[in-house]
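Number of protein chains: 2
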Amino acid sequence: MESTLRQLTAYAAVARAASFTAAARQLHVSQSSLSRAVADLERELGAQLLERDTRNVQLTAAGVEALRIAEQIVNAHRSGMKELQRFLLGESGAVVVATLPSVAAVLLPQVISGFRSRRPEVAIQILDGLERSVLDRVLSGDADFAITTGEPSGRLEHRPLVRDRFVAVLPQEHPLAARTEVAWEDLAREPFLAVGRESSVRRLTDAAFAQIDAPAVPAAEAGSVATVGGLVAAGLGVSALPALVLPLLGTGPLVHRPLTDPVVDRRLDIALRERRPLPLAAQRFLETLEEFRTQQRDLPPGVSWA
Amino acid sequence: MESTLRQLTAYAAVARAASFTAAARQLHVSQSSLSRAVADLERELGAQLLERDTRNVQLTAAGVEALRIAEQIVNAHRSGMKELQRFLLGESGAVVVATLPSVAAVLLPQVISGFRSRRPEVAIQILDGLERSVLDRVLSGDADFAITTGEPSGRLEHRPLVRDRFVAVLPQEHPLAARTEVAWEDLAREPFLAVGRESSVRRLTDAAFAQIDAPAVPAAEAGSVATVGGLVAAGLGVSALPALVLPLLGTGPLVHRPLTDPVVDRRLDIALRERRPLPLAAQRFLETLEEFRTQQRDLPPGVSWA
DNA sequence: GCCATTGATGCGCACAACGCATGGAAAGAT
DNA sequence: ATCTTTCCATGCGTTGTGCGCATCAATGGC
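Note that the protein sequences, when read in sequence, are chains A and B. Numbers 182 to 487, taken from the numbering used here, label the letters of the first sequence in order. Numbers 182 to 487, taken from the numbering used here, label the letters of the second sequence in order.
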């Protein structure tokens with residue numbers, strides 16, 4: 182039982198047209214080709230499917246059944262290939278992006294909304310986590326790409342996406358809140374509330390304090406920026422956070438001021454596996470992102486396209 | 182988009198096994214063959230499906246999608262061909278038999294029951310009608326074969342099946358009912374209740390009366406034998422019917438006696454189109470019928486295997 | 001009786017598919 | 001570090017499949 186698609190297609194066309202010549206015209210092949218194909222199919226099946234009279238072609242009982250089944254098979258092939266084609270063209274499937282919670286909450290929503298309006302059938306999955314796990318997701322192939330911080334490492338290619346400036350986060354009534362800008366130096370004199378050591382933010386604040394030779398001993402540290410926000414709002418100290426995460430701080434009595442001397446910003450990159458074919462749906466997503474960048478679409482204050 | 186089943190099968194095997202060599206062993210082809218087949222498929226699709234590392238083979242996102250779809254298509258082919266095979270082997274499908282109501286009601290039930298116990302998935306359709314329409318059903322291809330009376334005509338091949346002897350049908354209290362046999366001569370002296378002119382029975386009774394030079398003027402005629410039975414039971418006259426139809430006469434006060442001088446029987450044949458491949462399911466049905474005949478299975482009195 | 005049309009078939013060509021042998025790369029063994 | 005094994009890719013020659021062209025036989029319409 183080894184009948185080819187070609188034979189089934191040929192048979193289906195002939196049976197539907199009830200004519201070899203007509204079917205040959207439709208399929209753009211010679212009549213002889215069809216004649217052979219059908220004859221071969223019949224020989225392999227060991228059954229006559231068509232009743233040929235020099236003038237007419239009609240189906241036997243087996244032929245009726247065979248036509249039904251042949252069309253089933255040919256359709257399965259056609260629709261399957263079409264479905265795959267759509268997937269390969271990035272018109273269906275899923276984009277999996279690994280990223281930091283702040284990016285997921287602040288930057289991505291507008292991009293996703295823009296992308297989905299163009300490719301409504303492409304599902305989008307966000308894997309949010311800290312820097313390390315985000316990169317692992319990409320390396321392991323769980324995610325198509327990441328939007329995250331961190332040095333280009335291993336087999337990942339990085340493309341700069343946005344710059345995210347650090348700002349001082351202060352209790353509303355804090356003296357420094359009176360200024361339009363705050364220097365790291367000033368901040369260093371206050372009790373500092375840091376985020377956890379695994380956070381990408383922490384490394385940068387430590388580095389900033391090191392740069393101005395300030396002691397880098399936080400008064401307290403917390404895992405999530407929301408917690409840090411709470412602590413600051415409660416008046417326990419001040420903090421320095423990238424502008425992008427500010428929306429995650431909640432609605433407490435906080436203010437934020439640009440940090441200077443030095444201006445510090447973290448760079449968020451698109452990270453993808455080198456030499457790895459990116460699924461087209463993911464490519465399209467990145468293109469949307471790129472458009473947003475070239476159009477300089479609105480970003481929260483302190484965040485700018487790279 | 183012209184990927185062959187061969188390519189899809191090859192790809193599915195390789196993708197499932199995550200190895201060209203292992204898949205090659207399973208499919209009993211050379212590894213090089215698979216390597217090429219998959220490479221060709223990828224080229225045609227314009228997308229990389231497998232990530233080859235000299236040590237491992239793993240699927241890309243497109244590869245996962247392609248595997249799902251390839252298996253879908255290959256399965257559709259496999260199960261379709263299997264289904265067709267079953268049909269061709271007479272293990273599924275339908276047998277359509279055209280026949281007279283009496284055969285349908287009396288002779289067929291036991292045969293069908295025997296056949297269905299062996300081929301439970303083969304449906305059986307009975308087209309019952311009068312002699313003419315029964316033959317037409319076969320000629321037009323609506324039915325696979327017929328069990329009916331009538332002369333071999335046109336493009337039909339006839340195979341004798343049973344002989345069905347005519348018996349006198351009498352009111353229970355009729356004088357002739359006292360005899361063990363009745364001659365046509367005797368019957369001719371009574372008011373005769375005939376069946377309609379389109380019935381195959383009518384032609385034979387007319388012929389019998391002609392043979393003994395009796396006037397063939399029925400006292401009344403009715404379309405169905407059941408009606409004739411009712412008329413006889415009501416004492417309006419007598420009739421002559423083939424033994425096979427007796428069960429159709431209902432339970433009225435009737436008796437029947439073998440008719441002699443001459444003994445008349447109608448022959449019921451299997452009629453099938455000449456030079457026409459009979460669907461295997463139908464062949465199997467006829468074989469069952471043939472078995473019943475060689476085993477001389479019980480038939481109503483007056484009916485005997487030909 | 002003649003012509004047009006239909007499906008089957010002989011023939012030759014092109015190429016698709018295969019196996020064999022081999023190459024190169026990398027993991028595991030020594 | 002070197003050797004061996006294992007894996008996939010590829011060049012090569014052979015075989016067979018698929019195709020179109022030309023042609024044949026049968027048959028219905030004129």
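For glycine and all other residues, C-beta sits at the position ideal for the given N, C-alpha and C.
- With contacts defined by Cβ atoms closer than 7 Å, B/Ala275 and B/Ala304 form a contacting pair.
- Against chain A, the beta carbon of B/Gln229 has neighbours under 8 Å at Pro458, listed in chain order.
- Annotation note: the segment 371-397 of chain A contains the following uninterrupted alpha helix (DSSP H) runs of length 4 or greater, listed N- to C-terminal: 381-392.
- Residue A/Thr469 holds the alpha-carbon nearest to the alpha-carbon of A/Val292 among A/Trp486, A/Thr475, A/Ala487 and A/Thr469.
- Interface flag for A/His437 against chain B is unset, since no Cβ pair is found closer than 7 Å.
- A/His209 carries a coil assignment under DSSP once its states are collapsed to helix, strand and coil.
- Distances from the alpha-carbon of A/Leu215 to those of A/Gln207, A/Phe201 and A/Ala414 put A/Phe201 closest.
- Counting of Cβ neighbours within 10 angstroms places A/Pro352 among the buried residues, the total reaching 16 or more.
- It is roughly 10 Å from the alpha-carbon of A/Gln212 to the alpha-carbon of A/Ala218.
- For the pair B/Leu189 and B/Val278, the CB atoms are not nearer than the 7 Å cut-off.
- Annotation for A/Val319: Ala279, Phe326, Ala327, Leu337, Ala452, Leu453 and Arg454 place their beta carbon closer than 7 Å to its own, counting only its chain and skipping 5 residues before and after.
- As computed with DSSP, B/Leu231 is found in a beta bridge with B/Leu240.
- Comparing alpha carbon positions, the residue from B/Thr432, B/Leu422, B/Leu449 and B/Leu429 closest to B/Pro439 is B/Leu422.
- Taking the Cβ atoms as the reference, A/Leu374 lies roughly 6 Å from A/Pro399, within the contact range of under 8 Å.
- Straight through space, the alpha carbons of B/Ile307 and B/Leu368 are spaced by roughly 35 Å.
- A direct Cα-Cα distance of roughly 30 Å separates B/Ala194 from A/Asp317.
- Under the three-pair Cβ rule at 8 Å, the segment 258-274 of chain A counts as touching the segment 239-250 of chain B.
- Distances from the alpha-carbon of A/Arg299 to those of A/Asp323, A/Ala285, A/Ala324 and A/Ser273 put A/Ser273 closest.
- Cβ-Cβ distances below 7 Å link A/Glu302 to Glu272 and Ser273 in the same chain, with the five nearest sequence neighbours on each side left out; the list follows chain order.
- In this structure, the straight-line span from the alpha carbon of A/Val343 to that of A/Arg478 is close to 12 Å.
- The residue among A/Arg457, A/Ala358 and A/Glu183 with its C-alpha nearest the C-alpha of A/Leu226 is A/Glu183.
- A/Pro290: member of the alpha helix (DSSP H) spanning Leu289 to Arg299, first to last residue.
- In the displayed model, A/Ala364 falls within a strand according to three-state DSSP.
- From the listed residues A/Leu222, A/Pro458 and A/Ala487, the smallest Cα separation to A/Glu472 is found for A/Ala487.
- The DSSP assignment places 401-403, 420-423, 435-441, 446-454 and 484-486 as complete runs of the beta strand (DSSP E) inside the segment 401-487 of chain A, in order along the chain (cut-off: 3 residues).
- Shown here, B/Arg197 sits in a helix according to DSSP, grouped into three states.
- In summary, no residue of the segment 290-319 of chain B has a CB separated from any CB of chain A by less than 9 Å.
- Residues of chain B whose Cβ lies closer than 7 Å to the Cβ of A/Ser184 are, in chain order, Met262.
- Put simply, the backbone Cα of A/Gly377 is about 35 Å away from that of B/Thr241.
- As the crow flies, the alpha-carbon of A/Ala415 is around 15 Å from that of A/Pro356.
- Contact annotation: B/Val484 and B/Asp345 have beta-carbon atoms nearer than 7 Å.
- In the structure shown, the three-state DSSP call for B/Glu338 is strand.
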